[in-house]
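Encoded as structure tokens, the structure appears first; notes follow it.
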Amino acid sequence: MLRTAMDDAGHHGILSVRLAELCDRGATQSVAFQARCIRRSNAAGLLPRAAGRGGRKSSLGGAPIRVRGLTFLALIVGCGEVGAPVPEASLAEILATRGTADAALQQDRLEDARSDYQRLVEMAPAEAAGYAGLGLTALKAADYEAAEENLLEARERAPDDPELTLALATLRTETGDFGEARALLDETLAADPGHARSLWGLAEVEGRAAGPESDARADALARLAAAAPGNLAALAELADAQLARGELDAALGTMESLRQVAPDFRPGPRAAFEAAEDALLDGDAPTAISQFADFRAAFEVTSPYQASLEELRQPGGPLAGVAALDFSFLVTLRVQEPEAVLASLRYTEASDLAGLAALAPSSEAGAAAEGPVAAATAIGDFDGDGDEDLLWSRGGEGRALRVDLGRYVDASDEVGAIDAGDAAAAIWVDFDDDRRLDVWFAGSTPRAYRNDPAGGFEEIALPPAAGSAGAATSAAHGVFAADLDQDGDLDVFEPRTGANRLFRNNGDLTFAEMAADFGLAGPADADTRGAAFGDLDDDRDLDIVLAEGDGGLRLLDNERAATFAERTERLSDAASEPAQAVAIGDVNGDGWLDIAAAGADRVRLLHGSASDTFAPGATAPLNGLVPRDLLFVDFDNDGRLDLAVAGTPPASGAPSGSGLRLFRNEGEGRLAAADEFLPDLSGGVRSVRSFDYNEDGDADLLVLGADGNPRLLRNDGGNANHYFRLDLAGLGEGSRKNNRFGIGARVEVRAGDLFQVHTVTDPTTLIGLDGRLKADVVRVYWPNGVPQDLYFPGTDQDLVEEQTLKGSCPMLYVWDGDGFEFVGDMMWKSALGMPLGILGGGQRAYAPAFPSQEYRRLPDGVFQPLDGEYVMQITEELWETIYVDGVNLVAVDHPSEIDVYVNEAFIPPAPIDLELWRVGERHAPVSATDEDGRDHREALAERDFDYVSSFRPGRFQGIAEPHELILDLGLEAASGDVTLFLTGWIFPTDASINVAMGQSDALAPHFPELDVMGPDGEWQPAVPGLSFPSGKDKTVVADLRGLFPTDDRRVRIRTNLMVYWDEAFFTTGPAHPAADEHRVTSLAPHNADIHYRGFAREFRKGGRYGPHWFDYDSVTVEPRWHDLFGLYTRFGDVTDLVTEGDDRYVIQNAGDEITLRFDAEAFPPLPDGWKRTFLIYSDGWVKDGDLNTATGDRVVPLPARTLSGYPPPPEEGAPKPPTRNSRTTSRA
């Protein structure tokens, strides 16, 4: 989900500092402050205060913002009169007053809130914030008269703010004026149709005014679900409304969406949910309603549901004491210089207020000097309630600390004891991919604990370390989780003294230690002190940089196929300098990830570039600090990554006695010491982490002291610049392709002239925007490399992974008399470099190298001549390179009373001959049921894109729970002389999913098989190789002659693949047309031309269970994919390359189109009483860009039908490029 708070200049109450001189000049330099009202989890004591900077005096702090001795406050509505001067108040004092008032309101201390908001009004009378707070306080106290007075005052100052409008609509609703409430919300939604809280408010209004089953309420909920597709409460409420209205299929679709984005359900709610699904499939509305109510009763008390509900709740309400408030004003400051923001910024020691001090051991156990006690911390929301919880181990005792009203409390009584061993590092990591954070401790012996949905943490067995006995006790110095083999789940890497360890996730709650296999173990005598990951060469996979102490830096390039190669030479001479800690981030905003390393008494930057080498950048002295940890953090939200360095301070008398240093990025990677923003921190610091503890939009810091105790440093004032929070939600059951939190994704943000690149390393990423009000576009490259764009993201907008097709085959369009109509895909049998499984010794098996040769039947009447030619288009819409070697148009002429078909089932690529199947009289099965007895005769009656879809999705895209289709052919099949025709489509897996499934026997795919009833009354195999449709809208033909051992004419088709059947019929009599019943004419194109076209609009034909279809008339020309690098056929005439399969082919890139023209007059005239069926014959190869496709990042090695395998063995060499391939893709 993408939750932003950098939103809309006019969307929230605005606090501005504005100088009279600005209007005179027309200047509009701005810096934005956003003070989110702290949610129920935050206590008053944790909010910004006006006190000094923890004992440190800053040249920027404490003073009010002045120009020529004057301070003015005014509403930002364009240049005009400036409000009357008010008593001077520093920016910090204004923000502190606002924060304490918000906290008092949150905690229902209404009199304190009223007093503080009144003070804010006096300090900033031209601003909306104070009046809005007074109005909300009165609304919560059910003082509607005072609420109306103050909310109207606020709205005069911020007329376009949707939260103010929402508050007024709540007031009108409470007083029964539903018409006015509706009008207010409609006004907001006209300006921002996706404002989720207003849509929720509108649904509430319509429910009270017109009834819970009204059309208006249902419409508002549907709009809400579209605007916030990851919000659990919105989806559950919509499904409930659809059930109540009898919209059973729509309810089933909403429930499927809910399942995909929710954490995996606990056993009890899951049983009720699936019972409701089954009842819907059976058309049993009463049971579905009852079971879904049982599900909701259990689901609504969970933390994830409650957190989603908080995102939607309306402000205030008359029920004093109910902590239901979630009100978030954006408060924007306009100042003349960025220094004004820094003047208000400080880090404040907040450990005591956060409850951490009370949880620390006694003073004698926590000496100031670093002791031998093992300790580690990690930050993450383990209970799913929206608060950032803390994992803390000290002396072997692991504790989960959850946030309760702004204070950390020990949750050991709830989750049980956790043995951390001698852990020196820890992480929250969702290793079972259920969208619940699990625990990993890295020590001499690592320990992993699964976050059990039923409660508590369950230890998971881990494999022993590979190698010598000494390796088993080597010290760990860190740990991170990332998808290093691109298979959709998170692996765990531990940098160590001696051999490093990589625990490859098998996807079934088991791990394999494979550091040596991956090339990540390192030398046996290495001392790896730190590690960081990111896509350093912009090829969509994750690389690693290691800090090996006196050994310097080591760069390991991900070459895919579970292989890393050392590429330290890219770091030039900088690699040899000692490095105790390392971090990766885009420091200079050029789109290439840079490296920061700390060691040899300095921190240094190495800048990445398109040349794949790293150039030395800025350095900064550490003044004797011995580094232990390094962190990129944008502490002032200016969109530039700053640096925090933790370590052991020098001995007494040295320049600094603090174990934490801060360096500010002044632009273009220039670093300046910024220690003045920190409080005094005497003694060493082992680690430093950043997170937004109090959800106010700036980066707080958690440091682990030398004594093993955590300390919280609260960022006060960093949110004076705009920001947004990015929470990615990968799809769950039935659609899994990426880890559920999107760890490892590349995020590109464009806001005006500000460009940033971030690597997602935690479930929540905080991104600063400087003074810009919002981002223009956010592009996310998911860990599997698929891009997804979001334009002008708004507040609390979800970013849920799209269910999109990234690889399949080239697409075929034909002229139907009115335009080009999509008829399906082609060349489906080829999958160059597709991994099929894991062989002995860990070697991968790949798909054959022979080209796809196939015939595809076109529906009757769809292909019409255009000016004497049959014209077709072959487009590449997906993340692929295709090699088109031959295309022929084949006309099969035959008597009108019969039809001819070809078997379009998938078989491995091999030479083929044309085999025609004769269809005389068609017979429908007398019954068609699934394994649960559901009747599917209607769905199978004709080819109408209405599919059998009653099976339940499995874990991955393309995999379902085992399911059956049972057809009774009846008396018409009594002769046994039967040919069965099954038309449908398959939603395929991909290369990365195949790799994931190859790591566990529990996840194996099972191709469709056909069984018949045996003499013993049991099913027995008859066609074990029935297979599946090779793509979209294709027909599988099964010859059943001689396969029935009894008179029982039932057949059973079973599989666990996502195969959707559309039509089933059978024929009796001859299997193939007689020689005098058909005539075949095959034509090569007389003209073929390749050019760039772009990408057609994609949709699902026939609804959510239909295949991905394309609208030729709706096209975008912007590049969509990260192209495979290499040479492509130049644009122009390619006729001689596509006439026959001869290894001289067109190399076609994503977005390219080949237009083929066939002479319509070259076909012979039809005899009387005959008709013509068209087939398309194609010969060629397909290679997709999946990160686990062998050489899937580049065009070469080129395919050839003479190769024994692909990639070709070294002894065979590489085929020479075909002629006229001169276009080169760009990495830019």
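Going by our numbering, the sequence shown opens with residue 25, and the numbers climb by one from there. For each residue, glycine too, the CB sits at the ideal point set by N, CA and C.
Can you tell me which of the options puts its alpha carbon nearest to the alpha carbon of residue i?
i, options, result
"Val914", "Asp136, Leu882, Arg133 and Tyr907", "Leu882"
"Ala550", "Gln827, Arg1065, Ala603 and Val1158", "Ala603"
"Ala448", "Asp563, Phe504 and Thr161", "Phe504"
"Asp1025", "Asn530, Ala799 and Leu336", "Asn530"
"Arg578", "Asp625, Leu630 and Arg626", "Leu630"
"Ala826", "Ala268, Gly809, Cys833 and Gly1008", "What sits at residue 826 in the sequence shown is Glu, not Ala. Cα-wise, what sits closest to Glu826 is Gly809."
"Ala520", "Arg591, Arg138, Gly848 and Ala489", "Reading off the sequence shown, one finds Arg at residue 520, where the question assumed Ala. Out of Arg591, Arg138, Gly848 and Ala489, Ala489 has the C-alpha closest to the C-alpha of Arg520."
"Thr1159", "Glu1235, Pro1189, Ala1108 and Tyr1136", "Ala1108"
"Glu261", "Leu223, Pro291, Asp288 and Phe289", "Leu223"
"Leu1034", "Asp1040, Ala1046, Glu1042 and Arg196", "Ala1046"
"Ser1254", "Met896, Ala607 and Gly982", "No answer is possible for residue 1254: it lies beyond the span of the chain, which begins at 25 and ends at 1252."
"Asp653", "Gly683, Gly613 and Pro470", "Gly683"
Can you tell me the Cβ-Cβ gap for residue i and residue j, rounded? I've got them flagged as a contact below 8 Å.
i, j, result
"Asp507", "Gly841", "At roughly 48 Å, the Cβ-Cβ gap does not stay under 8 Å, so Asp507 and Gly841 are not in contact."
"Leu686", "Ala668", "5 Å"
"Arg1065", "Val1002", "7 Å"
"Pro734", "Leu380", "6 Å"
"Val1219", "Ile1171", "6 Å"
"Thr212", "Pro186", "4 Å"
"Gly1008", "Val1083", "6 Å"
"Asp1166", "Asp909", "7 Å"
Grouping DSSP H, G and I as helix and E and B as strand, with all else coil, what is residue i?
i, result
"Asp567", "strand"
"Phe297", "helix"
"Asp597", "helix"
"Thr1070", "coil"
"Lys1052", "Residue identity check: residue 1052 is Phe in the sequence provided, not Lys. In the structure shown, Phe1052 sits in coil (DSSP, three-state: anything other than H, G, I, E or B)."
"Ile118", "helix"
"Leu190", "helix"
"Glu904", "strand"
"Asp264", "helix"
"Tyr1272", "Outside the displayed span of the chain (25 to 1252) sits residue 1272, for which this structure offers no information."
"Arg221", "helix"
"Thr1159", "helix"
"Asn475", "strand"
"Gln897", "strand"
"Phe816", "coil"
"Ser1138", "strand"
"Tyr1230", "coil"
"Tyr717", "coil"
Can you tell me whether residue i is buried or exposed, with buried defined as 16 or more other CB within 10 angstroms of its CB?
i, result
"Gly1193", "exposed"
"Ala522", "According to the sequence displayed, residue 522 carries Gly and not Ala. So Gly522 counts as buried."
"Thr124", "buried"
"Ala374", "buried"
"Asp751", "buried"
"Arg1121", "exposed"
"Gly235", "exposed"
"Ser281", "buried"
"Thr552", "buried"
"Gly957", "exposed"
So who's on the other strand from residue i, going by DSSP bridges?
i, result
"Met1037", "Trp1043"
"Val727", "Val712 and Arg735"
"Arg1254", "Not covered by the structure: residue 1254. The range shown for the chain is 25 to 1252."
"Leu1107", "Leu913"
"Gln877", "Asp1203"
"Ile922", "DSSP lists no partner for Ile922."
"Tyr870", "Pro859"
Please confirm whether any heavy atom of the ligand GTP lies closer than 7 Å to the CB of residue i.
i, result
"Ser468", "In terms of ligand content, the structure shown is empty, and the ligand GTP therefore cannot be addressed."
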